[in-house]
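**Q** Numbering (my numbering), first residue to last: -3 to 184.
1. With a CB to CB cut of under 6 angstroms and the five nearest residues on each side skipped, what residues in its chain are close to residue 90?
2. Is it true that the stretch 69 to 85 meets the stretch 110 to 119, where meeting means three or more beta-carbon pairs spaced less than 8 angstroms apart?
3. In this structure, does DSSP put residue 16 in helix, strand or coil?
4. May I ask you to list the residues that DSSP assigns as paired with residue 129?
5. Going straight from the alpha carbon of residue 160 to that of residue 74, what length do you get?
6. Could you tell me how far apart the beta carbons of residue 187 and residue 43 are, in whole angstroms, since I believe they sit closer than 8 angstroms?
7. Give every residue of the same chain whose Cβ lies closer than 6 angstroms to the Cβ of residue 176, excluding the five residues on either side of it in the sequence, and list them in chain order.
8. On the DSSP letters alone, give me the boundaries of the beta strand (DSSP E) that residue 60 sits inside.
9. So residue 69 packs on residue 50, CB below 8 angstroms; how close in whole Å?
10. Could you check if residue 133 is buried or exposed, using at least 16 other CB atoms within 10 Å of its CB as the buried criterion?
11. Going by beta carbon distance, what residues of the same chain come within less than 6 angstroms of residue 163, once the five residues before and after it are set aside?
12. To the nearest angstrom, how far is it from the Cα of residue 147 to the Cα of residue 72?
13. Exposed or buried, what is residue 80 when buried is set at 16 or more other beta-carbons lying within 10 Å of its beta-carbon?
14. Taking DSSP as the reference, what is the three-state secondary structure of residue 145?
15. How is residue 101 classed by DSSP in three states: helix, strand or coil?
16. Would you say residue 58 faces chain B, with C-beta separation under 8 angstroms as the test?
17. Tell me which same chain residues have a C-beta within less than 8 angstroms of the C-beta of residue 158, skipping the five on either side of it?
18. For the candidate residues 130, 77, 92 and 139, whose alpha-carbon lies nearest to that of residue 19?
19. Output the distance between the C-alpha atoms of residue 41 and residue 15, rounded to the nearest integer angstrom.
20. Pick out whichever of 58, 12, 104 and 11 has its Cα sitting closest to the Cα of residue 25.
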């Protein structure tokens, strides 16, 4: 689905989760930093991009490594005494969205404050979408991605497309009409 005001695409999401055991975080992070050749995000919600890889801190001891399209997975050997790794890519899909209407469309789907520093470009937020856990990644001023479970990707992308269609219809019928039910911070 694409228009000048909103676009949506669906793609596979090569994804690796790594987690450090309690009490080994310092050693674990040092080992992962050396393996990846880049620093790690310090706080939950922060991201670091490096060589086709987006490192996302999703919990204090847990990182997701999201690969760009066509990027090779890093050779990452996690010492089992320090933590573990598991591929999540088969179970996840990436929904990419962009356009001027993105904040309005997403306000009908997820509870993320588009204007909050925690949702600024380059940040990640774990949230839910109709009772389904999703990871919101803000990729630009009018762009984002949702990493969603594959089993729900069709229904969630249909939901987003419907919300975008309703927003387009609302704008065409009465472009000056206020957006009822939306808090001012939800509107960009």
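Using N, Cα and C, we set each Cβ at its ideal position, and we do this for glycine too.
**A** Let me spell this out:
1. One-based indexing of the chain shown puts residue 90 at position 94. Once the five neighbours on either side are set aside, the close Cβ partners of residue 90 are 7, 9, 141 and 143.
2. no
3. In the chain shown, residue 16 corresponds to position 20, counting from 1. Strand at residue 16.
4. Numbered from 1 along the chain shown, position 133 holds the residue referred to as residue 129. Looking at the DSSP assignment, residue 129 forms a beta bridge with 124.
5. The residue labelled residue 160 in the question sits at position 164 within the chain shown. The residue labelled residue 74 in the question sits at position 78 within the chain shown. The alpha-carbon atoms of residue 160 and residue 74 are separated by roughly 42 angstroms.
6. No statement about residue 187 is possible, as the shown extent of the chain runs from -3 to 184 and does not include it.
7. Counting from 1 along the chain shown, the entry for residue 176 is found at position 180. Unreliable placement is indicated for residue 176, whose pLDDT of 48 sits below 50; the coordinate value is still reported in the next sentence. Closer than 6 angstroms at the Cβ level, and outside the excluded window around residue 176, lies no residue.
8. On the chain shown, position 64 is the one that residue 60 refers to. Its beta strand (DSSP E) spans residues 58 to 63.
9. Taking the chain shown and counting its residues from 1, one reaches residue 69 at position 73. Taking the chain shown and counting its residues from 1, one reaches residue 50 at position 54. Wrong, their Cβ atoms sit about 13 angstroms apart, outside the cutoff.
10. The count along the chain shown starts at 1 and reaches residue 133 at position 137. Label assigned to residue 133: buried.
11. The residue you call residue 163 lines up with position 167 of the chain shown. 97, 100 and 101, listed in sequence order.
12. Here the question's residue 147 lines up with position 151 in the chain shown. Here the question's residue 72 lines up with position 76 in the chain shown. Cα to Cα, residue 147 sits roughly 27 angstroms from residue 72.
13. Start at 1 with the first residue of the chain shown, and residue 80 comes out as number 84. Residue 80 should be labelled exposed.
14. Locating residue 145 in the chain shown gives position 149, where the first residue counts as 1. Three-state result, residue 145: strand.
15. Taking the chain shown and counting its residues from 1, one reaches residue 101 at position 105. Reduced to three states, the DSSP call for residue 101 is helix.
16. The structure shown contains no chain B; it holds only a single protein chain.
17. Locating residue 158 in the chain shown gives position 162, counting from the first residue. Contacts found: none.
18. Position 23 of the chain shown, counted from the first residue, corresponds to residue 19. Among 130, 77, 92 and 139, the Cα nearest to that of residue 19 belongs to 77.
19. Along the chain shown, read from residue 1 onward, the residue named residue 41 stands at position 45. Along the chain shown, read from residue 1 onward, the residue named residue 15 stands at position 19. About 15 angstroms.
20. Start at 1 with the first residue of the chain shown, and residue 25 comes out as number 29. Closest option to residue 25, Cα to Cα, is 58.
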